[in-house]
Structures are given as C-alpha cells and as structure tokens.
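Asks:
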Amino acid sequence: MSSEMFHESDAGRRPVIHTCAAILGLLLAPSCGDPSESDDAQMQTPEDEIVDDLAEIPEPPPGARQYVVDEQIIPPGTEVQLCYFLEPEQEEFYIDALESFQGSYGHHLVLFYTVAPEEPGTMRDCTSLADMVTLIPLISSVNFGLEQFPEGMALRVPAGTQMVIQQHYVNTSEHPIRVRDGMHLSTVPEQEVEYRAGFYGVSDVSFQLAPDQQEREVSFECTIPRDMNLLLMGPHMHEYGLRFEASVIRQSEPGAPEESVVSVDPWVAEYRDEPPVVEWGIDNALSLREGDTLRTRCVFKNTSDQELGFPAEMCATYGYYFPAPMGSEAWTCSGD
11 MSSEMFHESD
21 AGRRPVIHTC
31 AAILGLLLAP
41 SCGDPSESDD
51 AQMQTPEDEI
61 VDDLAEIPEP
71 PPGARQYVVD
81 EQIIPPGTEV
91 QLCYFLEPEQ
101 EEFYIDALES
111 FQGSYGHHLV
121 LFYTVAPEEP
131 GTMRDCTSLA
141 DMVTLIPLIS
151 SVNFGLEQFP
161 EGMALRVPAG
171 TQMVIQQHYV
181 NTSEHPIRVR
191 DGMHLSTVPE
201 QEVEYRAGFY
211 GVSDVSFQLA
221 PDQQEREVSF
231 ECTIPRDMNL
241 LLMGPHMHEY
251 GLRFEASVIR
261 QSEPGAPEES
271 VVSVDPWVAE
281 YRDEPPVVEW
291 GIDNALSLRE
301 GDTLRTRCVF
311 KNTSDQELGF
321 PAEMCATYGY
331 YFPAPMGSEA
341 WTCSGD
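Take my numbering: the last position of the sequence shown gets the number 346, and nothing is skipped along the way.
Spelled out as structure tokens, the structure:
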C-alpha cells in the first residue's frame, strides 16, 4: 500500500484516496473469506499469471472529488470486501451524486460513514455483523439506482464525519486479477439545497434456509419512524432468491388495502448487482406517514449443500427518502 494515503489531485486539486481496498451496511455484505488472501496474492503471484481488470477512470467533472483505489491482486475463486477509513471532514458539505468505476468482477464501491471512528488510513476487512451496526450507508453507486438526486436535493455530510470507502470484488475467474477502482463524488453548495435526502435500509438478519431444495419465505415488517417521501425503493437478494415483494400498509388510513410497491417475479442472480428499482420524483414521491408499515417478503430455494443465512443470502429493501431530519438522516431496521 502506498505510504502516501491522501493527497490532492493534480487535476483541479481534488482529493485522491489511495487504498488497498462497505445495500449498503446491512444490504451489501458478502460471505467473504480471509482478506489476507489478497495480500498474499500480491506477494506470491507471478506477474505473467495476472490478468488486468483495471477500471477505466475518466477525469472527474468540475468541482467533484475523485477517489482512486490502489491496484491490488485478487486470487481466483475469492470474494473480498475491505473498508478504508478517511480523514474526518473539516467542513460540512452536500453530495448529490456518486459515480463509481470498477473492473468486470466488481460488485460495488460504496460510501459509508462510521459511528465508531478509527485511525485515518485504516484499511481492513469489514464483513462482520459489528460492522453492519457501526457503518452507516451514505450513498451507493448508480448500479443500485439513482444516478443523481433531483435538482435542489442532496445528502448532508456534517463536519467531523469520518467517511469510509467500501470495495467488494468477486473473482469468479480461474486467474488472479489486478484491479484498480475509482469514485467521483459530486457536491453542491448548501445554498442550492432545498431538500435534504437520507438513506434507508431494512433487512432481516436472523433467517436460516435449510439445504432441502424447498421454497421458503422470509417476511418481516418495519414501522415508518417519521413522515417521509420515498424517492427510490430497491430490492436486495442474492443467488438463491426466487421472488421478492415490498409493500406498504397504511396504518394511517384504517381499512386501506396493502399496497405492493416493488414486485420481482422471477428474481435472477444478476439483480444482486443491478436490481430493478422503482423511482419517483420530488413532485410524485411515495408519501408515507409515521406509523405506517413497510413489509418485505423474499422467497428462496436453497439448492446448496449447506444451511444459508445472513450475509451469504439476504432479504432487504433500501432506498432514499426526503426530507431527512438534521443529524439522523439514515434509517435502518432489522424488523419490528
């Protein structure tokens, strides 16, 4: 890993991050192995056996921050998820878009913030359940929906926030691959922000799927904690999912029928990385009231030879909402 972990880019003096290595909290975690396998591969793999899978990273747009991840070698047949802890932000700022660049085996490059600060420059595996609690999703890449927030809307990052870059790769090839990822973070001035957005993610982390080749349903509910307008809703399952549905029960309207919002039948494995999301605009957002219920149903068939649970398989709903209250923008729930 480079000894110079953070410096200003020559192009426009934008910050560039160098690191060897975070759906979205509860949503994106893989069933990873030992991250030291990647470090071992760096030292032991002959150069002529490595296949380049470097992302093409264009110049960032004017005013955007650029983050670039150091090259690393990922062994064949391995899954790696690592987190890099940035310097705390000196000033408050607002984000309106994240664009990520990965190689063909990349699963995601996502930005979090931590409620348990660590030494800036720390790079480590982040697949534990404890990490799911302390790492709060900030903004995901475009493959999970929402290329850019509508004009006048952005995510607030307070001064003192320690952001965390999370990188996830699944090398399904028969060769070690060399990867290098990048991220562009677009910002807007506070005076241009009329609506503060926030992230929400709900997920069941307690289910177990027996290896019995039978269809099994996982269902859970979360109570809406405050009045909110949804800008996006997306589903998240992995390879053993068959069907997905997220619906709303309007407790604020007694007698109102359950309202299906996202319905995916059949689910295909490719949706793990690029799910079919539902989006709204500011003027036609899905309005929910405090006390309403968000219900998530996932149907699986475990065709493997072992029991499956979180995080190897997942059942989750995620998205963005507005207006987000100052200081508690993210809403997460693992079932009422």
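Heads up, the beta-carbon is just placed ideally off N, CA and C, and yes, glycines get one too.
From C232 to E81, what distance separates their C-alpha atoms?
Replies: About 41 Å.
Asks: Does DSSP put E255 in a helix, a strand or coil?
Replies: Looking at E255 - three-state DSSP - the assignment turns out to be strand.
Asks: Roughly how many whole angstroms lie between the Cα atoms of S216 and D58?
Replies: The straight-line gap from Cα to Cα measures roughly 44 Å.
Asks: To test your reading of the DSSP string, which unbroken beta strand (DSSP E) runs of 3 or more residues are found completely within the stretch 223-309?
Replies: Those beta strand (DSSP E) runs which fall completely within the stretch 223-309 and span 3+ residues are 225-233, 238-246, 251-259, 269-274, 296-298.
Asks: Does the beta-carbon of T88 have 16 or more other beta-carbons within 10 angstroms, so that it is buried, or is it exposed?
Replies: Buried, since its Cβ has 16 or more Cβ neighbours within 10 Å.
Asks: Assess, as a yes-or-no matter, whether the stretch 184-194 is touched by the stretch 313-322 under the definition of 3 or more beta carbon pairs within less than 8 Å.
Replies: The answer is no - the stretch 184-194 does not touch the stretch 313-322, with fewer than three Cβ pairs under 8 Å.
Asks: Could you give the DSSP three-state label for D346: helix, strand or coil?
Replies: Coil at D346, not helix or strand.
Asks: For M247 and G301, I'd like the C-alpha separation in whole angstroms.
Replies: If you take the alpha carbons of M247 and G301, they lie about 26 Å apart.
Asks: Applying the criterion that 16 or more other CB atoms from any shown protein chain within 10 Å of the CB defines a buried residue, is D191 buried or exposed?
Replies: Classification of D191: buried, given that the 10 Å Cβ count is 16 or more.
Asks: Looking only at its own chain, which residues have a Cβ that is under 7 Å from the Cβ of W290, when we skip the five neighbours before and after it?
Replies: For W290, where only same-chain residues beyond five positions count, the Cβ hits under 7 Å are L240, L241, L296.
Asks: Verify whether the separation of the beta carbon atoms of F209 and L148 is less than 9 Å.
Replies: In this structure, L148 lies closer than 9 Å to F209 by Cβ.
Asks: Quick check on L139: buried or exposed, where buried means 16 or more other Cβ atoms within 10 Å of its Cβ?
Replies: Under this definition L139 is an exposed residue.
Asks: Only counting the same chain, and skipping five residues up and downstream in sequence, which positions put a Cβ closer than 6 Å to that of P267?
Replies: Nothing meets the Cβ criterion.
Asks: Is it buried or exposed for M336, if we count other Cβ within 10 angstroms and need 16 for buried?
Replies: Burial call: exposed.
Asks: Taking Cβ to Cβ, would you say V274 is nearer than 9 Å to Q177?
Replies: Cβ distance not < 9 Å, so V274 and Q177 don't count as in contact.
Asks: Straight-line CA distance for R260 to P245?
Replies: Distance between the alpha carbons of R260 and P245: 20 Å.
Asks: Once you ignore the five residues that flank F230 on each side, which residues in its own chain have a CB closer than 7 Å to its CB?
Replies: Here the set comprises D214, T306, G345.
Asks: How close, in whole Å, do the beta carbons of G113 and V189 come, if the pair is a contact with beta carbons under 8 Å?
Replies: About 5 Å separates the two Cβ atoms, so the contact holds.
Asks: Which runs of the beta strand (DSSP E) spanning at least 3 residues fall entirely within the stretch 84-151, listed in chain order?
Replies: DSSP runs (the beta strand (DSSP E)) wholly in the stretch 84-151: 88-95, 103-111, 116-124, 133-135, 145-149.
Asks: Assuming Y330 and L156 form a contact by the criterion Cβ under 8 Å, report the distance between their Cβ atoms to the nearest whole angstrom.
Replies: Right, the Cβ-Cβ distance comes to about 6 Å (below 8 Å), so this counts as a contact.
Asks: Report all residues from its chain with a CB closer than 6 Å to the CB of I33; omit the five preceding and five following residues, and keep chain order.
Replies: Residue placement at I33 is poorly supported in this model, since its pLDDT is 42, which falls under 50; the coordinates are not used for a value here.
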